[in-house]
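Asker:
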Ligand code: ATP
Ligand code: MG
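In the numbering used here, the protein residues as written are 3 to 399.
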């Protein structure tokens with residue numbers, strides 16, 4: 003069916019996320035410009051040919067001979083609420099009817115129910131209700147008896163949609179739900195503490211969905227982890243780059259094993275907290291260097307010993323200037339996993355990989371700030387942060 007649909011469709015109707023409408027005009031203009039860039043980059047990336055992308059009456063209209071493919075790719079661009087492959091006609095009523103009947107002929111099957119929808123802007127000399135009535139009747143005349151069709155406005159098998167815009171009209175059937183959110187790049191970037199496990203990729207994705215590009219920073223804890231852990235992080239990053247087409251495809255890999263060795267010489271029950279406080283410090287320095295506006299992690303209250311409310315306070319105290327954002331703070335594991343499945347990271351994140359062997363048998367769940375600071379007195383924090391920063395390798399995927 004897709005081939006025959008591709009012969010009738012020559013456009014895609016692209017709906018902005020509802021929230022974009024709540025913005026003041028100048029903000030919206032800026033968002034739409036960014037969105038147009040992201041849409042074009044996506045089409046280019048997937049080699050989907052198109053002749054133009056125009057913004058009219060609060061939508062984008064794409065002209066393309068690969069409308070179905072384009073619609074499926076664009077549904078994953080942040081800032082879009084839905085996409086519909088469509089066929090363009092003039093706003094002349096007989097042309098709309100002709101095109102719609104052609105589409106109906108491809109889509110309708112024996113015993114189907116159907117409904118006609120119409121939205122109209124401009125002066126055409128007919129109303130949207132005229133279109134609904136006339137097209138509904140013509141479909142019944144043409145195919146009603148042959149296929150045993152019935153009208154069902156509530157839950158039809160096939161929708162015939164008509165969108166009239168001044169002297170143009172678009173005929174469509176499918177409304178493909180898109181990802182929503184805000185165009186990527188309308189917010190400043192964030193440094194993502196990215197382990198490649200289930201949680202941090204979801205945390206990063208959620209801030210990307212709201213417009214912030216993420217600089218992925220992975221801490222390589224070898225010899226306490228191994229190359230499978232690093233490889234898994236790179237593989238998951240690759241999945242997330244699919245949501246950020248047109249943005250850098252880089253992972254910052256920090257050597258952290260030496261630091262961890264030293265940390266393990268101090269109070270063992272605080273190893274994970276001290277390790278994470280070091281990660282936060284390095285992330286903060288990177289944020290400064292890269293002009294990011296904060297740090298994002300995959301932490302959720304109580305999900306690990308280091309993520310109790312008390313311990314999160316101890317972690318926060320390691321950074322001075324930059325906020326740590328935790329989009330998963332109130333999520334249950336199943337909720338995080340559901341998002342991971344939806345965005346395609348779950349399977350890759352669940353691949354077996356070396357777990358950190360430095361985790362103590364009984365990590366503290368209620369760390370005392372003064373004891374943590376005492377343990378850190380044994381460490382040359384500044385030298386450790388600098389060593390980490392100097393060790394960074396940027397992997398381009
Ligand atoms: P995840 O599921 O994201 O791997 P986790 O449940 O294993 O995390 P922790 O190990 O306590 O939990 O890590 C908490 C957060 O610290 C992670 O969500 C991530 O943001 C960051 N983090 C942990 N390990 C690393 C790492 N090796 N490199 C970068 N960030 C990390
Ligand atoms: Mg976790």
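Even for Gly, the Cβ is constructed at its ideal location relative to N, Cα and C.
Residues bridged to residue 16 by DSSP?
Answerer: Position 14 of the chain shown holds residue 16. The partner list for residue 16 (beta bridge, DSSP) reads 62 and 85.
Asker: Going by the C-beta, is residue 99 closer than 7 Å to any heavy atom of the ligand ATP?
Answerer: To locate residue 99, count along the chain shown from 1; it is residue 97. The answer is no for residue 99.
Asker: Distance check for residue 278 and residue 261, CA to CA, integer angstroms please.
Answerer: Here residue 261 is taken as the residue at index 259 of the chain shown, counted from 1. Here residue 278 is taken as the residue at index 276 of the chain shown, counted from 1. Going from the Cα of residue 261 to the Cα of residue 278 covers about 11 Å.
Asker: Say the cut is 7 Å; is the CB of residue 32 nearer than that to a heavy atom of the ligand ATP?
Answerer: One-based indexing of the chain shown puts residue 32 at position 30. No, the Cβ of residue 32 stays beyond 7 Å of every heavy atom of the ligand ATP.
Asker: For a test of the three-state rule: what should DSSP assign to residue 218, helix, strand or coil?
Answerer: Here the question's residue 218 lines up with position 216 in the chain shown. Residue 218: strand per DSSP, three-state reduction.
Asker: Here's the rule: buried if 16 or more other CB atoms are within 10 angstroms of the residue's CB, otherwise exposed. What is residue 108?
Answerer: As a working mapping, residue 108 is identified with position 106 in the chain shown. With fewer than 16 other Cβ atoms within 10 Å, it is exposed.
Asker: Work out the CA separation of residue 275 and residue 316 for me, nearest whole Å.
Answerer: Within the chain shown, the letter at position 314 stands for residue 316. Within the chain shown, the letter at position 273 stands for residue 275. Approximately 8 Å, taken between the alpha carbons.
Asker: Just to confirm before moving on: does the CB-CB distance between residue 200 and residue 351 stay below 8 Å?
Answerer: Residue mapping note: residue 200 aligns to position 198 of the chain shown, counting from 1. Residue mapping note: residue 351 aligns to position 349 of the chain shown, counting from 1. Yes. Within cutoff.
Asker: Excluding the five sequence neighbours on either side, which residues of its own chain have a C-beta within less than 6 Å of the C-beta of residue 182, listed in chain order?
Answerer: Within the chain shown, residue 182 is the residue found at index 180, counting from 1. The residues are 19 and 83.
Asker: Look at the Cβ atom of residue 272, then the Cβ atom of residue 366, and state whether they are nearer than 8 Å.
Answerer: In the chain shown, residue 272 corresponds to position 270, counting from 1. In the chain shown, residue 366 corresponds to position 364, counting from 1. Their beta carbons are under 8 Å apart, which means residue 272 touches residue 366 by this criterion.
Asker: Is the beta carbon of residue 217 sitting closer than 8 Å to the one on residue 292?
Answerer: Here the question's residue 217 lines up with position 215 in the chain shown. Here the question's residue 292 lines up with position 290 in the chain shown. Taking 8 Å as the Cβ cut-off, residue 217 and residue 292 qualify as a contacting pair.
Asker: By DSSP's criteria, residue 327 is part of a beta bridge. Which residues make up the other side?
Answerer: By 1-based counting over the chain shown, the position of residue 327 is 325. Residue 327 is bridged to 298.
Asker: Decide if the stretch 296 to 310 is in contact with the stretch 324 to 331; the criterion is three or more beta carbon pairs, one per stretch, under 8 Å apart.
Answerer: Flag = yes, the stretch 296 to 310 and the stretch 324 to 331 touch.
Asker: Give, in chain order, every unbroken run of the alpha helix (DSSP H) that is at least 4 residues long and sits entirely within the stretch 119 to 175.
Answerer: Taking only runs of at least 4 residues, the alpha helix (DSSP H) segments lying wholly in the stretch 119 to 175 are 130 to 141.
Asker: Inspect the CB distances between the stretch 31 to 45 and the stretch 53 to 69 and report whether three or more fall short of 8 Å.
Answerer: Flag = yes, the stretch 31 to 45 and the stretch 53 to 69 touch.
Asker: Output needed for residue 237: all residues of its chain with C-beta closer than 7 Å, excluding positions within five of it in sequence on either side, in chain order.
Answerer: The sequence position of residue 237 within the chain shown is 235, counting from 1. Taken in chain order, the residues that qualify are 350.
Asker: When you compare the CB positions of residue 253 and residue 341, do they come within less than 8 Å of one another, or not?
Answerer: Numbered from 1 along the chain shown, position 251 holds the residue referred to as residue 253. Numbered from 1 along the chain shown, position 339 holds the residue referred to as residue 341. The answer is no: Cβ separation not under 8 Å.
Asker: State buried or exposed for residue 12, treating a residue as buried only when at least 16 other CB atoms are found within 10 Å of its CB.
Answerer: In the chain shown, counting from the first residue as 1, residue 12 sits at position 10. Buried, because 16 or more other Cβ atoms sit within 10 Å of the Cβ of residue 12.
Asker: For residue 112, name the three-state secondary structure that DSSP assigns.
Answerer: Within the chain shown, numbered from 1, the residue matching residue 112 stands at position 110. Three-state DSSP puts residue 112 in coil, outside helix and strand.
Asker: Name all residues in chain order for which at least one heavy atom of the ligand MG lies closer than 5 Å to the residue's CB.
Answerer: So the residues near the ligand MG by this Cβ test are 201 and 305.
Asker: Compare the Cα-Cα distances from residue 354 to each of 227, 374, 215 and 379 and report the closest residue.
Answerer: On the chain shown, position 352 is the one that residue 354 refers to. Looking at the Cα atoms, 227 is the closest of the given residues.
Asker: In the DSSP assignment, find the beta strand (DSSP E) that holds residue 1 and state where it starts and stops.
Answerer: Coverage of the chain is limited to positions 3 through 399, which leaves residue 1 absent and any answer about it impossible.
Asker: Nearest to residue 402 by alpha carbon, out of 78, 313, 128 and 104?
Answerer: Here the chain covers residues 3 to 399 and nothing more, so residue 402 does not appear.
Asker: Let's test the definition: count the other Cβ atoms within 10 Å of the Cβ of residue 378 and tell me whether it reaches 16, buried, or not, exposed.
Answerer: Numbered from 1 along the chain shown, position 376 holds the residue referred to as residue 378. The residue in question, residue 378, is buried, as its Cβ has 16 or more Cβ neighbours within 10 Å.
Asker: Going along the chain, which residues of its own chain have a beta-carbon closer than 8 Å to the beta-carbon of residue 157, five neighbours each way excluded?
Answerer: Against the chain shown, residue 157 aligns to sequence position 155. Around residue 157: 115.
Asker: At what residues does the alpha helix (DSSP H) containing residue 32 begin and finish?
Answerer: Looking up residue 32 in the chain shown gives position 30. That run of the alpha helix (DSSP H) goes 27 to 47.
Asker: Checking 8 Å against the spacing of the C-beta atoms, do residue 338 and residue 331 come in under that value?
Answerer: Taking the chain shown and counting its residues from 1, the one referred to as residue 338 is at position 336. Taking the chain shown and counting its residues from 1, the one referred to as residue 331 is at position 329. Contact: no.
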